[in-house]
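See below for the structure under consideration.
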Amino acid sequence: MTEMLNYFLMLTQELLLVIMILLSVAFFSLMERKILSYLHFRKGPNKVLINGFFQPFVDALKLISKDDYPVKWSNKLLFYFSPMFMFFLASLMWMVFPFCWGMMSNEFSFINMIIIMGMSVYGMMLSGWSSNSTYSMLGSIRSVSQSISYEVVMSFIFLSIIFTIYDFSMEGMFKWNIMKIFFLCPFLLILTFISLLAELNRTPFDLAEGESELVSGYSVEYGGFSYTIIFLSENIMIFFSSFVISFFFFTQLTSYMSFIVFSFMSFMICLIRGILPRLRYDKLMILCWTYLMPLSLLLFNMMILFANL
7 MTEMLNYFLM LTQELLLVIM ILLSVAFFSL MERKILSYLH FRKGPNKVLI
57 NGFFQPFVDA LKLISKDDYP VKWSNKLLFY FSPMFMFFLA SLMWMVFPFC
107 WGMMSNEFSF INMIIIMGMS VYGMMLSGWS SNSTYSMLGS IRSVSQSISY
157 EVVMSFIFLS IIFTIYDFSM EGMFKWNIMK IFFLCPFLLI LTFISLLAEL
207 NRTPFDLAEG ESELVSGYSV EYGGFSYTII FLSENIMIFF SSFVISFFFF
257 TQLTSYMSFI VFSFMSFMIC LIRGILPRLR YDKLMILCWT YLMPLSLLLF
307 NMMILFANL
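Position one of the sequence shown corresponds to residue 7 (the numbering used here), numbered consecutively onward.
Given below as structure tokens:
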């Protein structure tokens, strides 16, 4: 009976965590629209109730109320399954961190995170293939090749941290003496941020959703509730990436300072969308395999070397 009660409490806490993340995503989308509007010298959403404060909830109701019309020759099972799969993986990512409710927070939580991040590309691939649309298929091919390329760089970054702390668990980050490799941290931080931007398909790496080329990429045929789920999963991953940087590189700070770092990284992701142009696809691949990959290998070896001194 006690085990069932503990399991029920854990599931309740996980559900509350997902609800809090969804509320945060709603206001994050409002913040992003405000930042982009001020960069364009306009005000942005300011009509709904208190200066547009409830605009995300009105937009959510409008999207959910719309009909969803799949393509005639699409694979309808995979067409509706892939957005839910993307949302499930995005929510599951938060379970690996050592919260008091961490369902997957165990001695292999680092490996769990790498596996889930690698699986996230399947949702984009399935959504593009099942739509039976040229633009969707091109967007999914781009997202798969881009994610696989930058996933290798991210894996080297995570492995360098694992071999530095001698622990496969996230809880080992609290025992990490970052001063041993302090001079390497700025390079590692910049490399992690660039790789996460590419993993998120955000500007300047948003080739999978290039509006000028592919209309909307792999999600072009989605609408209504399905598009809302894709939008939520993408923004949840943005929150997760900001939290990864705050957790990995600023673990020794207080909770308030870590929250400031987390908010600043989310702000930077929005700001970069408004100030940087989109990279050409061949330059995106050259950046990964010619520059970031050798740099990640160099940092991997240097971190292991200096951590053992």
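Cβ atoms here follow ideal geometry from the backbone N, Cα and C, with glycine treated the same way.
If we count the other Cβ atoms within 10 Å of its Cβ and call it buried at 16 or more, is ILE235 buried or exposed?
-> As a first step, residue 235 must be located in the sequence shown, where it is residue number 229. Buried, because 16 or more other Cβ atoms sit within 10 Å of the Cβ of ILE235.
Check whether THR140 and MET309 have beta carbons under 8 Å apart | Taking the sequence shown and counting its residues from 1, one reaches residue 140 at position 134. Taking the sequence shown and counting its residues from 1, one reaches residue 309 at position 303. Their beta carbons are not under 8 Å apart, which means THR140 does not touch MET309 by this criterion.
Assign ARG286 to buried or exposed, taking buried as 16 or more other Cβ atoms, counted over all protein chains shown, within 10 Å of its Cβ.
-> Reading the sequence shown from its first residue, position 280 is the one you call residue 286. When all chains shown are included, ARG286 counts as exposed.
Are three or more beta carbon pairs between the stretch 289-302 and the stretch 146-165 nearer than 8 Å?
-> yes
Kindly indicate which residue of LEU301, TYR262, ILE242 and LYS289 has the alpha-carbon position closest to the one of ILE275.
-> Taking the first residue of the sequence shown as position 1, residue 275 is located at position 269. The residue from LEU301, TYR262, ILE242 and LYS289 with its alpha-carbon nearest to that of ILE275 is ILE242.
Kindly indicate which three-state DSSP category TRP100 falls into: helix, strand or coil?
-> Here the question's residue 100 lines up with position 94 in the sequence shown. It is helical.
Nearest CA to the CA of THR198: which residue from LEU55, MET90, LEU305 and THR257?
-> Your numbering for residue 198 matches position 192 in the sequence shown. Residue LEU305 is the option with its Cα nearest to THR198.
Same chain only: Cβ atoms within 7 Å of TYR86, ignoring 5 sequence neighbours per side = For this step, residue 86 is matched to residue 80 along the sequence shown. Answer for TYR86: SER232, listed in chain order.
Hey, ARG148 and LEU213 are a contact pair by Cβ (cut 8 Å); roughly how many whole angstroms apart?
-> What you label residue 148 is simply residue 142 of the sequence shown in a count that begins at 1. What you label residue 213 is simply residue 207 of the sequence shown in a count that begins at 1. Going by Cβ atoms, the distance from ARG148 to LEU213 rounds to 5 Å, so yes, they are a contact pair.
Would a C-beta distance cut-off of 8 Å place SER80 and SER137 closer than the cut-off?
-> Taking the first residue of the sequence shown as 1, we reach residue 80 at position 74. Taking the first residue of the sequence shown as 1, we reach residue 137 at position 131. Yes, the Cβ-Cβ distance between SER80 and SER137 is below 8 Å.
Opening and closing residue of the alpha helix (DSSP H) in which ASN241 lies | By one-based count along the sequence shown, residue 241 stands at place 235. 230-255 is the span of the alpha helix (DSSP H), which, as asked, contains ASN241.
Using a Cβ-Cβ cut-off of 6 Å (strictly less than) and excluding sequence neighbours within five positions of MET99, which residues of its own chain qualify?
-> The count along the sequence shown starts at 1 and reaches residue 99 at position 93. Once the five neighbours on either side are set aside, the close Cβ partners of MET99 are ILE122 and PHE246.
For ASP74 versus GLY178, is the C-beta spacing smaller than 8 Å?
-> Numbered from 1 along the sequence shown, position 68 holds the residue referred to as residue 74. Numbered from 1 along the sequence shown, position 172 holds the residue referred to as residue 178. No, they are not a contact pair.
Below 6 Å CB to CB, which residues in the same chain sit around PHE256 once its five sequence neighbours on both sides are set aside?
-> The count along the sequence shown starts at 1 and reaches residue 256 at position 250. The residues are SER264 and VAL267.
Specify whether the stretch 26-35 and the stretch 61-78 touch according to this definition: at least 3 beta carbon pairs, one from each stretch, less than 8 Å apart.
-> Touching, yes.
Beta-carbon proximity list for LEU195, same chain, < 6 Å, skipping 5 on both sides = For the purposes of this step, residue 195 is taken as the residue at position 189 of the sequence shown. These residues qualify, in order along the chain: PHE255.
Just curious, the alpha helix (DSSP H) that LEU206 is in, first and last residue?
-> Stepping through the sequence shown from its first residue, residue 206 is reached at position 200. First-last for LEU206: undefined, no H or E at that position.
Taking the CB atoms as reference points, tell me whether LEU298 and SER201 lie closer together than 8 Å.
-> Residue numbering aside, residue 298 sits at position 292 when the sequence shown is read from its first letter. Residue numbering aside, residue 201 sits at position 195 when the sequence shown is read from its first letter. Note that the C-beta distance between LEU298 and SER201 is below 8 Å.
Where ASP288 falls: helix, strand or coil (DSSP) = On the sequence shown, residue 288 is found 282 positions in, with the first residue counted as 1. It is helical.
DSSP state of ASN12 mapped onto helix, strand, coil | For the purposes of this step, residue 12 is identified with residue 6 of the sequence shown, where counting begins at 1. ASN12: helix per DSSP, three-state reduction.
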